[in-house]
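The sequence shown lines up with residues 0 to 122 when you count with numbering that gives the first Met the number 0. Just below is one structure, and these are the notes that go with it.
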Amino acid sequence: MPIQCTDAEWKILEVLWDRAPRTMAEITKALEPSTGWTRHTVITLLKRMEEKGTVKVDESGPAKTYTPAVSQDAASTDRTRSFLRHIFKGDASLLVSHLVSSGELSVEDMEEIIDAMKKNARD
């Protein structure tokens, strides 16, 4: 099942992947310097995320706490696949070609990728 996650929700997940569980106040405090979000914004986003199943809520303590319901690896993989489908028609070689031609991917980077691919093939 695809992980539906907006950029704003991704920011909250990053905070929770860093450390969970966290309260809404802790999440707001962590994000406020970079986003300017108020508690109302964070509450709205957390409600949406709970409905989507990307966060779990524990109401057993004095304050609700939130934990990610999706792993960072699964969410990253899903987001990468979605990006690849939408921007490069699912063709990873087009993505690599673009990164090389734009200077974002160096020869050293390519060598590391090739080494990792060889290692994965052996394992």
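Glycine included, each C-beta is placed from N, C-alpha and C at the ideal position. Just so it is clear, the structure is predicted and the values come from calculations on it, not from any experiment.
Ranked by Cα distance from residue 63, the first of 54, 80, 100 is 54. When the beta-carbon positions are compared, residue 8 and residue 30 stay at least 8 Å from each other. The C-beta distance from residue 74 to residue 2 rounds to 5 Å, short enough to fall under 8 Å. The DSSP-derived three-state label of residue 88 is coil. Residue environment analysis places residue 69 among the buried positions, since at least 16 neighbouring C-beta atoms fall within 10 angstroms of its C-beta. Around the beta carbon of residue 21, 16 or more other beta carbons lie within 10 angstroms, which makes this residue buried. Taken through DSSP and simplified to helix, strand or coil, residue 21 comes out as strand. Here residue 49 is not near residue 41, since their CB atoms are 8 Å or more apart. Leaving aside the five residues that flank residue 10 on each side, the residues in its chain whose CB is nearer than 7 Å to its CB run, in chain order, 30, 34. If you check the CB distance, residue 19 and residue 76 do not come in under 8 Å. The DSSP-derived three-state label of residue 1 is coil.
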